Amino acid sequence: MRRPCDGASGGGMNAAPRPHDAERYHPEAAGKGDAAAATVLPPAGLTATEVALRRERDGRNALPGPPHPNPALLLLAQLTHFFAVLLWVAAGLALAGGMPTLAIAIAVVVILNGVFSFAQEYRADRATQRLRDLLPMRARVRRDGRTTVVDSADLVVDDVVVLEAGDRVCADARVSAAARFEVDESMFTGESRPVAVDTGRQILAGTYVVAGQGEAVVTATGGRTRLAGLAAVTEHASRPPSPLSRQLNRVVRVIALLAVGVGAVAFPLFAVLGMDWRNSFLFAVGVTVALVPTGLLPTVTLSLARAAQRMARADALVRRLEAVETLGAATFVCTDKTGTLTRNEMQVVEVWTPHGTVTVSGTGYEPTGRLAGTPEAMNAAAALADSAARCSPDVHAAQRSGRWVPVGDPMEVALHVLAARAGCPPAPVPRRRIPFDPHTRRAVVEDADGLHVTGAPEAVFALCSTGDGSEPEFTSARARVAQLTARGLRVIAVASAPGSAAPRMLGVVALEDPPRADVADAIAACRRAGIRLAMVTGDHPGTAVAVAAEVGLCTERRIVVEGKDLPEDDDELGTLLDADGVVVARVTPEDKLRIAQVLQRRGHIVAMTGDGVNDGPALRTADIGVAMGASGTDVAREAADLILLDDHFGTIVSAIELGRATTANIRRFLTYHLTDNVAELAPFALWAASGGTIPLGFTVLQVLALDIGTDMLPALALGAEPPNPRTMSRPARLRRLMDGRLLRRVFLALGPAEAVTGMLVFLAVLYAGGWVPGDTADESVVAAASGSLFAAVVFGQLTNAFACRSETRGVWVTGWRGNPLLLGALAAELALLAAFLWLPPLPGLLGGSPPTALGWAGAAAAIPAIVAADTAYKALVRPGRGTASPSSWRRRCPGRRW
């Protein structure tokens with residue numbers, strides 16, 4: 001719920017910017033034909049019995065679900081994408097070339113891979129939908145004379161809905177009361193400017209309240225709303241590919257086109273050089289099949305979906321799968337204070353009035369408590385509490401599961417609890433309510449007893465003062481505000497104007513919102529990870545810097561600046577923010593947007609938190625928009641990439657860690673796949689280079705068996721690697737999925753080691769079987785040598801899986817701990833190896849036979865060969881190699897939204 005006073009809070013940024021003159025806050029101005037400040041006469045709402053009858057008649061307020069995707073069409077898409085088409089062409093050519101067995105095998109592989117990809121895509125899509133269901137929309141309704149919060153699906157026709165800035169309209173409704181009420185109807189009209197809405201106007205489900213407050217009576221729910229009609233038209237629209245998908249497509253298309261190009265050039269070249277056309281054709285098909293990365297895309301999708309599910313379990317809801325990767329690249333976090341660094345559990349601890357100070361005690365939001373002070377101060381505090389509670393009539397504390405919880409904004413509820421502890425009667429019905437404005441920083445309510453004002457101390461004092469603000473009571477008040485904010489307390493001021501008199505300052509309220517217990521550790525983790533921080537809040541500078549210092553966000557320099565004092569020059573602002581630990585207080589929504597843009601121009605990957613309706617532009621502009629799921633507005637959540645279900649800063653750090661781990665996992669199984677491709681290509685290259693005098697070590701079927709059979713499960717297991725303990729102990733690195741570091745590791749170390757070992761084993765078994773170069777080798781000898789080569793590649797990949805677990809540490813360091821899936825996958829790989837070598841009719845079909853003793857010994861040599869190559873490469877590569885400055889990320893990847 002929106003805050004009518006910010007006293008020093010980020011909540012002050014949540015209403016639409018609309019400047020007002022101070023005169024409009026006086027009683028005589030409030031009643032002069034202000035159509036937007038209509039009379040508020042809330043009805044009691046429906047009774048529980050009436051709600052039940054309407055729900056039984058109309059059903060739940062939910063849009064008809066999108067049609068389930070046709071499984072047959074999804075499967076067909078997996079069988080006809082770019083890579084599948086290449087293999088279908090290869091199968092067709094094999095059939096035309098008189099090799100029906102090869103053609104059938106390729107077709108079977110395409111179908112098996114398609115079924116697997118279909119299953120992963122379908123599961124990932126369903127998982128994403130389930131994650132979104134973790135954050136149902138809520139609505140505030142008035143029933144049985146009380147305002148309560150319900151699931152939006154429980155709304156019924158004739159419900160009275162209470163709406164404020166930042167809320168999403170959950171059903172078609174007719175406005176019954178409005179106070180400067182403005183709605184964003186762009187999704188229906190295309191008009192980006194908010195529309196002022198008066199009493200009697202219809203508002204539609206799916207629109208957003210961007211300013212003011214209002215009430216509306218529901219006229220249509222669920223499938224009867226205008227939104228349902230719009231959804232029916234757009235439900236079949238296709239989703240554009242994500243940046244990550246486009247990058248992956250580029251990677252695999254380059255590899256696949258390279259494979260096709262090599263095959264297309266080699267076939268006529270070898271024919272001209274005198275090689276049999278059938279052998280030339282076999283080489284072309286073999287190279288194409290060996291290099292096409294058939295299992296890469298489903299593996300990536302599964303890895304991202306698994307990461308999103310992990311984040312959801314950590315209370316971070318990812319709205320788009322590709323945001324997982326972007327999170328791992330974050331270099332700057334702009335965080336709010338209230339609820340993110342603090343617990344958002346507000347409690348009034350002190351009331352200062354010109355007549356003295358009153359201390360307040362009590363437990364949480366429980367209405368019972370004690371006020372202590374002189375009788376004169378107690379009376380003044382009670383008058384202040386009564387006036388403050390009148391500014392937010394639609395909130396209260398409720399007892400649930402044995403504890404008192406806020407229904408509405410925690411700060412507003414804390415003021416109501418103060419009024420209850422002071423013995424104030426229930427607030428009367430307001431006549432008019434001028435909602436909080438982020439520029440004037442005040443909110444005003446008028447009722448039968450006069451005018452009531454709450455807001456930032458400096459804003460309320462300016463309204464009440466009749467001179468230059470140097471009157472003794474204001475001097476004392478400012479001194480007390482400085483003392484309270486220095487203690488990290490949140491401070492708001494309260495004033496009232498009985499009848500037509502000028503507003504009179506009643507005093508200030510100090511609220512305690514203690515920092516979260518583990519937020520200091522999360523901030524320290526950010527700094528170890530090379531992530532810079534800034535607090536960007538609407539709070540009072542004193543309160544903000546006190547909290548920042550307590551949680552360790554401030555550095556020793558303690559740079560604090562108010563939004564109005566930010567440098568006008570973007571370069572100066574960027575230099576200021578780069579100092580790390582800067583506190584920017586009293587910011588407006590425009591300030592937040594500018595901060596995000598300036599940091600991006602300096603090359604940072606920016607994560608920006610927000611909870612209000614006007615935080616939307618900053619959240620959309622930031623590389624990662626982070627919205628509050630518990631206390632934020634629907635507008636902020638819709639604009640964000642990541643939603644914190646617990647509003648906790650530590651959850652952002654956990655999400656960044658998982659994002660980095662996911663990017664590392666994609667690189668792990670990409671390294672794993674490409675190493676295998678090098679080993680598979682080597683027999684064809686040696687055979688072609690010898691002009692066919694050296695027997696072909698692999699058949700195309702064996703290549704397919706390696707790609708789809710033995711390699712798939714370990715690759716999936718690598719995609720499930722948990723975050724490394726060192727993930728957040730170093731700065732983020734430039735991580736293109738396929739960069740020079742990865743290619744050097746594959747083509748200069750792992751790939752050659754596996755390929756050379758396999759070919760040496762193959763040649764050794766041939767020589768031991770009596771083969772002489774230039775002679776035709778015995779088929780049984782070639783089969784045994786081929787089986788030995790097959791086993792050597794499998795053993796090499798077994799070791800490679802462990803090597804790929806880290807880019808810097810040796811195989812003996814990473815071991816197998818932490819990823820039980822990998823052990824299971826490797827056991828399955830060995831079982832498939834045994835089946836391909838011994839289980840009839842697979843050996844005869846694939847073209848290999850069980851290795852000889854020499855063959856097994858040579859195959860086992862692939863294990864130390866991979867270990868040695870991996871160790872030597874990691875020793876030669878400097879630990880910091882590959883690190884890139886933030887500015888180089890955007891320069892080297894222009895046009896990409898990270």
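Numbering (full-length UniProt numbering), first residue to last: 1 to 898. For every residue, glycine included, the Cβ atom is placed at its ideal position computed from N, Cα and C. Keep in mind it's a predicted model, so treat the numbers as computed, not measured.
Worksheet item: What three-state label does DSSP hand residue 662 in the structure shown?
Response: helix
Worksheet item: What is the rounded straight-line gap between the Cα of residue 656 and the Cα of residue 529?
Response: If I take the Cα positions, the gap works out to 10 Å.
Fill in: residue 727 versus residue 533 - alpha carbon distance
18 Å
Discussion item. Does the structure place the stretch 667-681 close enough to the stretch 326-339 that three or more beta carbon pairs sit under 8 Å?
Written reply: Segments in contact, no.
Discussion item. Under 7 Å: does the beta carbon of residue 218 sit that close to some heavy atom of the ligand NAP?
Written reply: The model on display carries no ligand, and the ligand NAP is accordingly not part of it.
Worksheet entry | beta strand (DSSP E) runs wholly inside the stretch 387-452, at least 3 long, in chain order | Along the stretch 387-452, the beta strand (DSSP E) occurs as fully enclosed runs of 3 or more residues at 396-400, 403-407, 432-437 and 442-447, listed in sequence order.
Worksheet item: From the DSSP output, which residues share a beta bridge with residue 350?
Response: Beta-bridge pairing links residue 350 to 359 and 510.
Worksheet item: Hey, quick one: how far does the beta strand (DSSP E) through residue 790 stretch, first residue to last?
Response: For residue 790, there is no enclosing beta strand (DSSP E); the residue is part of the alpha helix (DSSP H) that begins and ends at 779-803.
Worksheet item: Which term fits residue 681, buried or exposed, when burial requires 16 or more other beta carbons within 10 angstroms of its beta carbon?
Response: Buried: at least 16 other Cβ atoms inside 10 Å.
Worksheet item: Do residue 155 and residue 221 have their C-beta atoms within less than 8 Å of each other?
Response: In contact: residue 155 and residue 221 (Cβ atoms closer than 8 Å).
Worksheet item: How would you label residue 140, buried or exposed, when you count the other beta carbons within 10 angstroms and need 16 or more for buried?
Response: buried
Item to complete: Could you tell me whether the Cβ atoms of residue 77 and residue 110 are closer together than 8 Å?
Response: no
Discussion item. With a threshold of 7 Å on Cβ separation, who are the neighbours of residue 777 within its own chain once the five nearest residues in sequence on each side are excluded?
Written reply: 695, 766 and 771
Practice prompt. Please check the pair residue 560 and residue 334, which I expect to be a contact at CB under 8 Å, by giving their CB distance rounded to whole angstroms.
Written response: About 15 Å; that fails the 8 Å criterion.
Worksheet item: If you draw a straight line from the C-alpha of residue 236 to the C-alpha of residue 63, how long is it?
Response: In this prediction, residue 236 scores a pLDDT of 43, lower than 50, which makes its location untrustworthy; no coordinate-derived value is stated.
Worksheet item: Applying the criterion that 16 or more other CB atoms from any shown protein chain within 10 Å of the CB defines a buried residue, is residue 616 buried or exposed?
Response: buried
Fill in: Bridge-paired residues (DSSP) for residue 498
Looking at the DSSP output, residue 498 shares a beta bridge with 450.
Discussion item. Using a Cβ-Cβ cutoff of less than 8 Å, which residues in the same chain neighbour residue 661 once the five nearest sequence positions on both sides are dropped?
Written reply: 307, 328, 721, 722, 723, 724 and 727
Item to complete: Please go through the same chain and pick out, in chain order, the residues whose beta-carbon is closer than 8 Å to the beta-carbon of residue 367, but skip the five residues on each side of it.
Response: 397, 404, 417, 420 and 421
Worksheet item: What three-state label does DSSP hand residue 628 in the structure shown?
Response: strand
Fill in: Straight-line gap, residue 611 to residue 752 (C-alpha atoms, nearest Å)
A straight line joining the alpha-carbon of residue 611 with that of residue 752 spans about 53 Å.
Discussion item. Suppose only complete runs of 4+ residues qualify. What are the alpha helix (DSSP H) ranges in the stretch 458-489, listed by chain order?
Written reply: 472-486
Worksheet entry | Proximity below 8 Å, CB of residue 412 to CB of residue 429 | no
Worksheet entry | Rounded straight-line distance, which links the Cα of residue 218 to that of residue 807 | 59 Å
Discussion item. Let's see if you can read the secondary structure: which residues bound the alpha helix (DSSP H) around residue 873?
Written reply: 862-876
Worksheet entry | Nonlocal neighbours in the same chain, by C-beta distance under 6 Å from residue 118, ignoring five residues either side | 74, 75 and 78
Item to complete: Count the other C-beta atoms from every protein chain shown that fall within 10 angstroms of the C-beta of residue 583, then say buried if there are 16 or more, exposed otherwise.
Response: buried
Item to complete: Could you spell out the range, first to last residue, of the alpha helix (DSSP H) harbouring residue 523?
Response: 519-528
Worksheet item: Which word fits residue 446, buried or exposed, when buried means at least 16 other C-beta atoms lie within 10 angstroms of its C-beta?
Response: It is buried - the Cβ of residue 446 has at least 16 other Cβ atoms within 10 Å.
Worksheet item: Out of curiosity, what's the CA-to-CA distance linking residue 505 and residue 485?
Response: Distance between the alpha carbons of residue 505 and residue 485 is about 19 Å.
Worksheet item: Can residue 359 and residue 350 be called in contact, C-beta distance under 8 Å?
Response: yes
Worksheet item: Which same chain residues, not among the five before or five after residue 145, have their C-beta less than 6 Å away from its C-beta?
Response: Same-chain partners within the cutoff: 44.
Item to complete: Under the assumption that residue 303 contacts residue 719 (Cβ atoms under 8 Å), give the Cβ distance between them as a whole number of angstroms.
Response: 4 Å
Worksheet item: What's the gap between the Cα of residue 171 and the Cα of residue 46?
Response: Just so you know, the alpha carbons of residue 171 and residue 46 end up roughly 16 Å apart.
Discussion item. Quick check: residue 620 and residue 636, are their CB atoms within less than 8 Å of each other?
Written reply: no
Worksheet item: Is residue 234 helix, strand or coil when you go by DSSP?
Response: Reliability fails at residue 234, whose pLDDT of 42 lies under 50, so the model's placement of it is uncertain and no value is given.
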